[in-house]
Amino acid sequence: FKARPWQLKEVDTVCGYCGNGCTVTLGVLNNKVETIRFNDKNGVNDGNLCVRGRFGYSFINSEDRITRPMIRRNGRLEPATWSEAIDAVVSGFKKAGSEKGVGILSGGRLTNEEFFLLKKLAANSIKTPHLDHSGGECYKGVTVGMRQTLGIAASTGTYPQVEECDAILSIRSDFYETHPVFGMVVNQAVKRHDAQLILVSDKKGKFTKLPHAQTLLSKPGTELSVINAMCQYLLAEGLAATEGVEGVDELKKALSDQTPAKVAKLTGVDAEAIKSAAKKLAESKNVAILLAYGLPYSAQSAELGTAAANLSILTGAVDSEKGGLYLCGEKANSQGALDLNILPGDKGFGAQKMLEAASDGKLSALYLIGEDPVVSYPDRAKVIKALEKVPFLVVQDIFMTASCEEADVILPATSFAEKDGTFTNAERRIQRVRPGVPSPGEAKTDLAIFSLIAGRFGDQLSYTGPAAIFAELKQEAPGYQAIEFDKIGPQGVVWGGENLKPAFKKLVAVEGSKPVEARFQMVTGSALYHSGTLSTHAKGPLAAMPEPYVEFGAEDAAELALKEGETVAVKGNGAELRLKVKLGKRLPKGLVFVPYHFGDAGVNQIYRGESSVPVEISK
Ligand code: SF4
């Protein structure tokens, strides 16, 4: 770092990584982001940043950024002008539209204004119902679950409220990995306010070590049954909050064979522990129920979303003054994508279906925007087949991702540090994103690219700027109605207010988990890197975790006489990965963990969207 602090131009914006939405201040010199620091006067992160937000910004200045459009000619990607690239995109989409149609798959890091224009582009110009954002079925699943029980698809409370809760339940979520600064909020609630923390998960984590945390360690993929059993117990014992709630008798009947005693065998969680945890939640005044969602949680996501929402009703969490149900999206603007309904409608394919359709020859074009499904979606072989098979592939991104290998046109886009607009974080806080640096080379913002494509279709998508788009996008997001773009201050604005009341409270029964038995099961998830699309191009996270690994718990390590750093083979679903061993203490016997970020190692060669995958381990 060569710049002196007084030489830097400071720009307040929002971290581009996860749905926590921490505010950051960029230090800019000569059009380059030299520093990122916290600003404790802004936002809700109280001056806290995690390692990704604090040290993971060098990807912005990376030499690997795409700086020119490219078109495939005679089998090779060659530099092109914007005019040539947009012509190629529009004629490709028009041709595809007259054949089997276009699928559009976006990442979760577009601004709200960009999502809104994308929606218009899809509906009015490209004319396709096949639009989805990262996470596909998983996001749709969780939100379907919440919408049918509560009539909303968003967290009902805010982060500062969590600190004041008496009891917190975290379901299948390791916030220290996925949303580290939110992890600190939970830490504060436990340490400062003596909140009772209850964890339902297949592995231990940093939360487990907090004072009087109660961990219900469940067999892989069985958290759903534990939550169902809690609901069953509260209903059977008359401990449930049922005033104004629909479907009480139906749920009672449907869960009659999911008692804590019956579920204990399936999940490995002691029946008395399930009962005492449920009782604690029902008896506490302010309860927060936390659910992180993202790609590794796609199996039974709708059921888990529904069960969590049922429990949030029965424990009174959604009605409590300080608590609520928290739905923490994986990417910086996952919540904005939900608010603006960047999800397939009834007639559209979701992300996974889109890829299946492409590989079955049922789609004529795919448009990937800030999304690299080859690395970050389940079942790599299926994704590659889809990208190879689809006749026309457009990739709009900031790096040459693995998905670019099959692209017909590549459009260079911009990072969060070059964007102007708003993101909405996991607590519904709409915050201003401001550009600190210009786009590198000829790269353009997603906003500008959507306008260019629409213009070439003969449609107008020209606005004076994000404020004008924000004024119009309110028609898609009713919660945003009362918010003025120019009045979004340093703390942002929480749409729907601090306590978002459910539209209704309707209990919906869901079947329990369907666990598989195997000597070893593999789970995947986030470990420092998040999805890796940005952070594996950043020096900070790369220095801390340079290569992929397979993690074992102490019992398995002793039984297999494993040494840290040696290489083992992990085989499952007909694929094999050779990975370095990492020894830890958080995994129970029989469970191994492989992070899902590293493109080359490709855990998604094995992982196909299951909660856990039976695997064989050999030296
Ligand atoms: Fe960025 Fe999320 Fe870390 Fe906050 S918790 S600094 S938003 S990655």
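Take any residue in the sequence shown, note its place counting from 1, add 208, and you have its number in UniProt numbering. Yeah, the Cβ is synthetic: ideal placement off N, Cα and C, and Gly gets one too.
For residue i, the first and last residue of its enclosing alpha helix (DSSP H)
i, result
"residue 475", "468-475"
"residue 826", "Run containing residue 826: none in the alpha helix (DSSP H); it sits in the beta strand (DSSP E), 821-826."
"residue 514", "509-522"
"residue 591", "588-597"
"residue 694", "Residue 694 -> no alpha helix (DSSP H), and no H or E assigned at all."
"residue 459", "456-462"
"residue 668", "Where residue 668 is concerned, there is no enclosing alpha helix (DSSP H), given that its DSSP letter is neither H nor E."
"residue 302", "290-306"
"residue 704", "Residue 704 -> no alpha helix (DSSP H), and no H or E assigned at all."
"residue 261", "259-263"
"residue 689", "Element bounds for residue 689: n/a, residue is neither H nor E."
"residue 813", "Careful: residue 813 lies outside any alpha helix (DSSP H) and carries neither H nor E."
"residue 561", "559-567"
"residue 323", "320-328"
"residue 528", "Where residue 528 is concerned, there is no enclosing alpha helix (DSSP H), given that its DSSP letter is neither H nor E."
"residue 772", "Note, residue 772: premise wrong, no alpha helix (DSSP H); not H, not E."
Any non-hydrogen atom of the ligand SF4 within 8 Å of residue i CB
i, result
"residue 578", "no"
"residue 228", "yes"
"residue 225", "yes"
"residue 390", "yes"
"residue 540", "yes"
"residue 257", "yes"
"residue 232", "yes"
"residue 262", "yes"
"residue 387", "yes"
"residue 781", "no"
"residue 253", "yes"
Sub-9 Å separation of residue i and residue j beta-carbons
i, j, result
"residue 652", "residue 621", "yes"
"residue 149", "residue 687", "Since the first and last residues shown for the chain are 209 and 827, residue 149 lies out of range."
"residue 261", "residue 539", "no"
"residue 485", "residue 376", "no"
"residue 500", "residue 380", "yes"
"residue 255", "residue 369", "no"
"residue 341", "residue 562", "no"
"residue 667", "residue 333", "yes"
"residue 425", "residue 796", "yes"
"residue 729", "residue 428", "yes"
"residue 601", "residue 627", "no"
"residue 219", "residue 629", "no"
"residue 439", "residue 325", "no"
"residue 229", "residue 557", "no"
"residue 541", "residue 693", "no"
Beta-bridge pairing of residue i - partner residues as DSSP gives them
i, result
"residue 409", "425"
"residue 536", "500"
"residue 312", "339 and 575"
"residue 280", "285"
"residue 226", "539"
"residue 620", "605"
"residue 640", "630"
"residue 245", "233"
"residue 404", "375"
"residue 495", "375"
"residue 273", "607"
"residue 714", "454"
"residue 218", "235"
"residue 240", "237"
"residue 600", "573"
Continuous beta strand (DSSP E) stretch holding residue i: start and end
i, result
"residue 788", "783-791"
"residue 760", "757-760"
"residue 733", "728-733"
"residue 430", "Segment: none, residue 430 is in no beta strand (DSSP E) and carries neither H nor E."
"residue 379", "375-379"
"residue 780", "775-780"
"residue 802", "799-803"
9 Å Cβ cutoff, residue i in contact with chain C
i, result
"residue 259", "Here chain C cannot be found, since the structure has a single protein chain."
Any non-hydrogen atom of the ligand GDP within 8 Å of residue i CB
i, result
"residue 546", "For the structure depicted, the ligand GDP is absent and the ligand set comprises only the ligand SF4."
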